[in-house]
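Everything in the sequence shown is counted per my numbering, starting at -19 for the first residue and increasing by one.
Data first, discussion second: the structure below is written as structure tokens.
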Amino acid sequence: MSLTTKIFKRLHALADRHTGLGQAMWHEIANRTATARQRRAPLPAHDALSTRALEALRRDGLATFHVSELEGGAALFDAVCREETAILGQEPDTIERGRARLRAGGEGHKEYVLRFVPGSPSGFTFDDPSVCLALHGQILGVVDAFLGLYAELRALEFWYTLADRQQTPRQSQLWHRDFEDVALVKVFLYTSDVDETAGPFSFVLGTHAGELRWADPDAIARRLTNRADDRTMERVVPRDRWFTGTGRAGTIIMAATKGYHKGGFATEKDRRLLHATYLSPWSRDCLLPKPVRGVPATAHPAIHFAAGDRRAGG
């Protein structure tokens, strides 16, 4: 992270917490072009599903629904699952090697999550089912409306979370906020059934904005750590505000991950999902590893923008 970025984030936090002007700085200074384009030519988000998801995202910081509710969602989900199966089949020993490393007890990195980037070595294509899902108009329309600007797709991966009865919660299995951007949205599509033993995504509702945006456990507020266990979090926000994202395959979770969240503590069952991250153009903390090619010329300018083409009309 550059010094300029660090300074801006610090100024934003101070302005937002004490004056409420932080979001204005982020929109009108750091992301003025993307903000203007969203105001001028927004991707429609007025259908019943989009309206419901946007309201929930604004209110709670989280929205969830089944992929079959999307236009063309059932067929798209089948294609995403076939894509995932093909990727996993290319490296048949990867999962078992990962399981062996996890059982060896290493705790230096997120060895409990295996990440697989879809697409070809040279890039993503708009025909890739995972890309179609991430850039689906009903999903991106909600993301852009929530953020108030044209967002960019900055991460797209299949995650395979390994179950282990012996592990203790660590890293992203503990409560934390994301700091890739001033505001951001992450989308998770479960490609397997996820119950309490498969490490469901969990979220503390309402901690993405308002007073709870700045409600932190004491050790985090004093910058002694950036993670909290359940007992610590319960002192700040009661459990009745905690969402646990269990669900069948095809469940989609959209989360404003400035709010406290955790996931991946799988004890009995492996978890599979597709993950996408959406950031503002200003943030350089996370970049898509390869370009998205083949976006139709007729696609909405917001879709071109999300795919990395800022020149598209709109």
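For glycine and all other residues, C-beta sits at the position ideal for the given N, C-alpha and C.
**Item:** Whole runs of the beta strand (DSSP E) within the region 204 to 248, excluding any shorter than 3 residues
**Value:** 222 to 225 and 231 to 235
**Prompt:** For Leu42, which residues does DSSP report across the bridge?
**Reply:** Ala235
**Item:** Whole-Å CB distance - Phe96 paired with Phe57, under 8 Å assumed
**Value:** Wrong, their Cβ atoms sit about 17 Å apart, outside the cutoff.
**Message:** For a test of your reading of the model: does the CB of Ser48 fall under 8 Å from any non-hydrogen atom of the ligand ADP? Yes or no.
**Reply:** By its list of ligands, the structure shown contains no ligand whatsoever, and the ligand ADP lies outside what it can speak to.
**Message:** Quick check for students: name the residue ranges of the alpha helix (DSSP H) that lie wholly in the region 1 to 77, counting only runs of 4 or more.
**Reply:** List check, alpha helix (DSSP H) in window: 2 to 5, 12 to 20, 28 to 40 and 53 to 70.
**Message:** Taking only three categories from DSSP, how would you classify Ser260?
**Reply:** The answer is coil: DSSP assigns Ser260 none of H, G, I, E or B.
**Where the beta strand (DSSP E) containing Ser182 begins and where it ends** = Phe181 to Val184 is the extent of the beta strand (DSSP E) around Ser182.
**Asked** Anyone know if the C-beta pair for Leu120 and Tyr258 falls short of 9 Å?
**Response** Yes. Within cutoff.
**Item:** C-alpha gap between Arg290 and Ile9, whole angstroms
**Value:** 17 Å
**Request:** Could you tell me whether the Cβ atoms of Lys238 and Thr187 are closer together than 9 Å?
**Result:** In this structure, the beta-carbon distance from Lys238 to Thr187 falls below 9 Å.
**Item:** Paired residues, beta bridge with Gly103 - DSSP
**Value:** Residue pairing by DSSP places Gly103 opposite Ser100 in a beta bridge.
**Asked** Just how far apart, CA to CA, sit Ala135 and His284?
**Response** Ala135 and His284: Cα-Cα distance of roughly 16 Å.
**Prompt:** Is the CB-CB distance between Trp155 and Ala189 below 9 Å?
**Reply:** no
**Prompt:** Contact check, Ala246 vs Thr148 under 8 Å by CB: the rounded distance?
**Reply:** That pair is no contact at about 13 Å.
**Asked** Any chance the region 219 to 231 sits against the region 268 to 279, with 3 or more Cβ pairs inside 8 Å?
**Response** no
**Message:** Would Leu29 and Ala125 qualify as a contact pair, given that the criterion is a beta-carbon distance under 9 Å?
**Reply:** no
**Request:** Decide if the region 227 to 234 is in contact with the region 152 to 169; the criterion is three or more beta carbon pairs, one per stretch, under 8 Å apart.
**Result:** yes
**Request:** State the DSSP-derived secondary structure class of Leu169, mapped to helix, strand or coil.
**Result:** strand
**Asked** What are the partner residues of Val174, as DSSP defines its beta bridges?
**Response** Gly227.
**Message:** Suppose contacts are defined by Cβ-Cβ distances below 9 Å. Is Pro271 in contact with Gly288 by that definition?
**Reply:** yes
**Request:** Report the option in Arg38, Leu192 and Arg157 whose CA atom is closest to the CA atom of Gly128.
**Result:** Arg38
**Top-ranked residue by Cα proximity to Ala59, from Arg81, Ile75 and Asp107** = Asp107
**Request:** Pull up the distance between the alpha-carbon of Val184 and that of Val174, whole angstroms please.
**Result:** 19 Å
**Message:** So, under 8 Å CB-CB, Thr141 and Asp250 are touching, yes? Tell me the CB distance rounded to an integer number of Å.
**Reply:** Indeed, because the Cβ distance is near 6 Å, the residues count as touching under 8 Å.
**Asked** With burial defined as no fewer than 16 other Cβ atoms inside 10 Å of the residue's Cβ, what is the status of Arg193: buried or exposed?
**Response** buried
**Message:** DSSP three-state label for Arg83, please.
**Reply:** helix
**Request:** Within the same chain, show all residues whose beta-carbon is closer than 8 Å to that of Ser48, passing over the 5 residues directly before and after it, in chain order.
**Result:** Ala54, Phe57 and Gly230
**Item:** Member of Ala16, Leu267, Ser260 and Asp265 whose CA lies at the smallest distance from the CA of Val123
**Value:** Ser260
**Prompt:** Do you know whose CA, among Thr226, Arg203 and Ile67, lies nearest His46's CA?
**Reply:** Thr226
**Asked** By the 10 Å Cβ neighbour count, where 16 or more other Cβ atoms means buried, how is Asp196 classified, buried or exposed?
**Response** buried
**Asked** Considering only residues of the same chain and omitting the five flanking positions on each side of Ile67, which have a CB-CB separation below 7 Å?
**Response** Annotation for Ile67: Phe96, Pro98 and Phe138 place their beta carbon closer than 7 Å to its own, counting only its chain and skipping 5 residues before and after.
**Prompt:** To which residues of the same chain is Gly117 closer than 8 Å at the C-beta, ignoring the five residues directly before and after it?
**Reply:** Leu23, Pro24, Glu51, His280 and Ile283
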